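Residue numbers (full-length UniProt numbering): 1 to 465.
We put the CB at the ideal spot given by N, CA and C, even for glycine.
Small disclaimer: the values here were computed from a predicted structure and weren't measured.
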Ligand code: ADP
Ligand code: LRH
C-alpha cells in the first residue's frame, strides 16, 4: 500500500492525514490533530511557528509508530503570512500574523508607490489589508533593518518545507496571495517590487505545485524515523481545498468554508478589470495555472471567536443546532473590518445591531443565529456579483471544508440563495493536498480523474433550496 501524507494547517487547527487509493477510491486516516491560533506577543498578534513545527514532526513520527511510511509529504497552510530569514536562516523579528493591526494605513503607503487601480490591473488580487504586500510595507516602515538583513522571504508552508528538507523554494499558488505576482508571467512582478522599494533578491524562484523539492534532512529523518519525498502541494490551503471540489462541470460554484468563507469559481484567465476590482473579487493562482476567481468572506471565524469567549463549553455542532431554533432576524455585514480582530466578537455583533437599529442578540444561540444568517445573506449577494461579472449562472453551490458540517448554515444558504447546496468533503484541503502528491506520483492520472475519484470516495450531503 502506498501512503501519502498531507499536513494541513488551518488558522484554527492542523491535522496530519494519511491517504491511499484502494479499489479506485481515496481512503483517509487522520493520524494527528493539533490546535492553532494567533496570540499576543510584545503587543503583536503572532503565530507560534516553533510549536507548529514541533507538531508537524510529532504527527510525522506517528507514521513510524503506525508503520505506515508515506511515499511523500506536503504541507499547506493559510495564505499571506511569511517569514524573513537572515543569512544564518534565522527568522527576523516576531512571527506576526495577518490579523495584527500593523497593516493599518499601509495601503496608503503602497498607493504612494503604485495606484490601487494599477496594482489590481497588474496582479488581480483583491484588496485585503492583510495581504503580504501591505505587511511588507509595515516591515519597511517599522523595521527597515529586517528588510536590510533579510536574505530570503518564505511563505509559511515554504518555511516549513525548508525546515523539513533544507531546501528553500516558493510555491506558486501561495506566492500569488502576496499581491506581488503577475498573473501573466506567473512570476514575481519585479518592477512592482522595485517600485515598492522591497529588496528583490529576497524573493526566491517560484515552483509549480506538484514539484518535488527533495527528501527530509538527516536530522529530521532521525527524529521522525524515515525518509520520504517532500512534494509541493498547492500550499495555499484554499488552493488545495478547491482542487477537491467533487465536480468537473463547467459552471461550478464553491464555498471553501473554514475560518474564512471563500466563495467563487475556477477559471483559465484572470479578470483584472476595473469592474472586477470594484466588486473586490480576486484571482488567486491555482494548480496548473488555473485561477480561483473568488471573494473572501469573514466566515466561521466569527463563530470560532464567539465560542472562545463564552464560558459554556459548547461544541460547534451544538452552537449550530442552538442557532437553528432562533428567530432573530438581525443581519450584520460580515465583511466589515470591525469583525477582523475584535476584542470581543459577541460584543462587536451586538454593537453592530444596536448601531443599525436592529434587535440586539443576547444569548449565545441568538448571536450565533445572527452570524449564520448574515453569512448566508452575504453568500447570496456574492453569487449575484459573480453571476453579473462572469455572465454565467450557477445552480448549485459546493460547500467544502469544516463548515460543510454546519447543517443549519447549509440549510439557510440553500434557502437564501435559492440554490442546491452540496456539502462535502469536510477534509477538502487535505484531500486536495494529497491529490497533487498522488498525481505527481502517477497514482492518479490528472486533475479531472482525481476529482472523479473524490466524487466517488466521499459522502456529499444535499440541501435543497
Ligand atoms: P480552518 O482550516 O480554517 O482552521 P476548518 O476547515 O477546520 O477551518 O473549519 C473549522 C470550522 O468548521 C469551525 O470554525 C466550525 O465553525 C466549523 N465546524 C466544524 N465542525 C462543525 C460542526 N459539527 N457543526 C458546525 N460547524 C462545524
Ligand atoms: C483560508 C485563507 C484564505 C486567505 C486567508 C488569509 O485559510 O488561506 O484563502 O485569504 O486564509
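Could you round the C-beta distance between residue i and residue j to whole angstroms and report it? I think they count as a contact, below 8 Å.
{"i": "residue 49", "j": "residue 159", "result": "7 Å"}
{"i": "residue 231", "j": "residue 72", "result": "5 Å"}
{"i": "residue 200", "j": "residue 152", "result": "No, residue 200 and residue 152 are not in contact; Cβ-Cβ is about 12 Å, not under 8 Å."}
{"i": "residue 246", "j": "residue 4", "result": "Between residue 4 and residue 246 the Cβ distance is about 19 Å, and since that is not below 8 Å, they are no contact."}
{"i": "residue 53", "j": "residue 155", "result": "Not really, about 15 Å apart at Cβ, beyond 8 Å."}
{"i": "residue 417", "j": "residue 297", "result": "Actually they do not touch by this definition, with Cβ atoms about 13 Å apart."}
I'd like to confirm the pairing. Which residues does DSSP put opposite residue i in its beta bridges?
{"i": "residue 155", "result": "82"}
{"i": "residue 170", "result": "206"}
{"i": "residue 46", "result": "39 and 96"}
{"i": "residue 70", "result": "3"}
{"i": "residue 422", "result": "398 and 462"}
{"i": "residue 188", "result": "181"}
{"i": "residue 392", "result": "Bridge partners of residue 392: none, in fact."}
{"i": "residue 236", "result": "77"}
{"i": "residue 32", "result": "16"}
{"i": "residue 264", "result": "254 and 294"}
{"i": "residue 25", "result": "22"}
Measure the alpha-carbon distance for residue i versus residue j and round it to whole angstroms.
{"i": "residue 471", "j": "residue 360", "result": "An answer regarding residue 471 cannot be provided, because it is not within the stretch 1 to 465 covered by the chain."}
{"i": "residue 23", "j": "residue 100", "result": "47 Å"}
{"i": "residue 324", "j": "residue 412", "result": "9 Å"}
{"i": "residue 447", "j": "residue 243", "result": "8 Å"}
{"i": "residue 424", "j": "residue 405", "result": "8 Å"}
{"i": "residue 251", "j": "residue 265", "result": "8 Å"}
{"i": "residue 351", "j": "residue 342", "result": "11 Å"}
{"i": "residue 379", "j": "residue 414", "result": "10 Å"}
{"i": "residue 179", "j": "residue 132", "result": "7 Å"}
{"i": "residue 355", "j": "residue 6", "result": "45 Å"}
{"i": "residue 70", "j": "residue 459", "result": "25 Å"}
{"i": "residue 410", "j": "residue 112", "result": "43 Å"}
{"i": "residue 317", "j": "residue 433", "result": "26 Å"}
{"i": "residue 442", "j": "residue 338", "result": "47 Å"}
{"i": "residue 277", "j": "residue 79", "result": "20 Å"}
{"i": "residue 198", "j": "residue 321", "result": "49 Å"}
{"i": "residue 119", "j": "residue 110", "result": "9 Å"}
{"i": "residue 206", "j": "residue 188", "result": "8 Å"}
{"i": "residue 226", "j": "residue 161", "result": "16 Å"}
{"i": "residue 86", "j": "residue 445", "result": "41 Å"}
{"i": "residue 138", "j": "residue 66", "result": "45 Å"}
{"i": "residue 240", "j": "residue 140", "result": "31 Å"}
{"i": "residue 114", "j": "residue 279", "result": "20 Å"}
For residue i, tell me which candidate among the options has the shortest Cα-Cα distance.
{"i": "residue 389", "options": "300, 272, 164 and 464", "result": "272"}
{"i": "residue 283", "options": "12, 173 and 2", "result": "173"}
{"i": "residue 457", "options": "427, 464, 439 and 437", "result": "427"}
{"i": "residue 55", "options": "110, 223 and 383", "result": "223"}
{"i": "residue 183", "options": "121, 464, 452 and 318", "result": "121"}
{"i": "residue 202", "options": "229, 268, 210 and 92", "result": "92"}
{"i": "residue 420", "options": "90, 465, 317 and 332", "result": "465"}
{"i": "residue 295", "options": "125, 207 and 263", "result": "263"}
{"i": "residue 126", "options": "291, 89, 64 and 90", "result": "291"}
{"i": "residue 466", "options": "65, 59 and 47", "result": "Any question about residue 466 goes unanswered here, given that the chain covers just 1 to 465."}
{"i": "residue 177", "options": "197, 139, 198 and 123", "result": "123"}
{"i": "residue 259", "options": "2, 12, 1 and 77", "result": "12"}
{"i": "residue 313", "options": "62, 451 and 364", "result": "364"}
{"i": "residue 357", "options": "374, 332 and 376", "result": "332"}
{"i": "residue 335", "options": "366, 319 and 301", "result": "301"}
{"i": "residue 248", "options": "21, 452, 385 and 207", "result": "452"}
{"i": "residue 491", "options": "431, 422 and 275", "result": "The first residue shown for the chain is 1 and the last is 465, placing residue 491 beyond what the model contains."}
{"i": "residue 462", "options": "437, 431, 408 and 435", "result": "408"}
Within the present structure, is the beta-carbon of residue i separated from the nearest heavy atom of ligand 4 by less than 8 Å?
{"i": "residue 303", "result": "Only ligand 1 and ligand 2 can be found as ligands here, which leaves ligand 4 out of the picture."}
Does the structure place the segment 364–379 close enough to the segment 325–341 that three or more beta carbon pairs sit under 8 Å?
Touching, yes.
Contact between the segment 105–118 and the segment 144–151 is defined here as three or more beta-carbon pairs at a separation below 8 Å; is this criterion met?
Cβ pair count under 8 Å is below three, so no.
Three Cβ pairs or more, each shorter than 8 Å: is that satisfied between the segment 345–358 and the segment 301–321?
Yes, since at least three Cβ pairs between the segment 345–358 and the segment 301–321 fall closer than 8 Å, the two stretches touch.
Taking one C-beta from the segment 8–18 and one from the segment 30–43 each time, how about it: are there three or more such pairs within less than 8 Å?
By the C-beta criterion, the segment 8–18 is judged to be in contact with the segment 30–43, since at least 3 inter-stretch pairs fall below 8 Å.
Tell me, please, whether the segment 251–258 touches the segment 394–405 by the rule of three or more beta-carbon pairs shorter than 8 Å.
Short answer: they touch.
Does the segment 187–196 come close enough to the segment 219–238 that 3 or more CB-CB pairs lie under 8 Å?
Of all C-beta pairs linking the segment 219–238 to the segment 187–196, fewer than three are shorter than 8 Å, placing the two stretches out of contact.
Across the segment 165–182 and the segment 226–241, are there enough close Cβ pairs to call them in contact, namely three or more that are closer than 8 Å?
Per the Cβ contact rule, the segment 165–182 is in contact with the segment 226–241 (3 or more Cβ pairs under 8 Å).
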